[in-house]
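For what it's worth, my numbering labels the leading residue of the sequence shown as 8, then goes sequentially.
Let me begin by presenting the structure, written as structure tokens, before commenting on it.
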Amino acid sequence: MLLEITIKNFAIIEEISLNFENGMTVLTGETGAGKSIIIDAMNLMLGARASSEVVRHSAPKAEIQGFFSIEQNPALVSLLEDNGIPVEDELIIRREVFQNGRSVSRINGQMVNLTILKAVGHFWSIFMVSMIRKNS
Numbered sequence: 008m009l010l011e012i013t014i015k016n017f018a019i020i021e022e023i024s025l026n027f028e029n030g031m032t033v034l035t036g037e038t039g040a041g042k043s044i045i046i047d048a049m050n051l052m053l054g055a056r057a058s059s060e061v062v063r064h065s066a067p068k069a070e071i072q073g074f075f076s077i078e079q080n081p082a083l084v085s086l087l088e089d090n091g092i093p094v095e096d097e098l099i100i101r102r103e104v105f106q107n108g109r110s111v112s113r114i115n116g117q118m119v120n121l122t123i124l125k126a127v128g129h130f131w132s133i134f135m136v137s138m139i140r141k142n143s
């Protein structure tokens, strides 16, 4: 479960931190309020294609960091262990995208390639895709 996300210098967002409580969280707002930008940042954190276009104007890099609870997810724990990633009660995924389009991904502080990031992100992206219905 996603517990918290921090987004810095992503698109028009200078910095925002969102905490998610147990239960359902709904992002609402007028057109242009930034709901889709937050979802785009979440997808980037979970392995979506990076581009320098997401970096806020005049910032050196965009940063997205998420804190996840991994309790009761043995398949995810196995994936992390198989890839030498330290396993704790919480998972920290961090992705940085630089002005030149290059990106760096870390899971629990360890640098990982995009394949591993996508594999770990897959555990949450399925849930997000099934829950997000734009304009409904």
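Yeah, the Cβ is synthetic: ideal placement off N, Cα and C, and Gly gets one too.
Take the alpha-carbon of E11 and the one of F17: they are about 16 angstroms apart.
Linking G91 to K15 through their CA atoms gives a straight-line distance of about 28 angstroms.
Residue nearest to D96 within the set A57, N80 and V104 is N80 (criterion: CA-CA distance).
With 16 or more other Cβ atoms from the protein chains shown falling within 10 Å of its own Cβ, E103 counts as buried. Judged by beta-carbon spacing, S112 lies within the 9 angstroms limit of G54, meaning their Cβ atoms are closer than that value.
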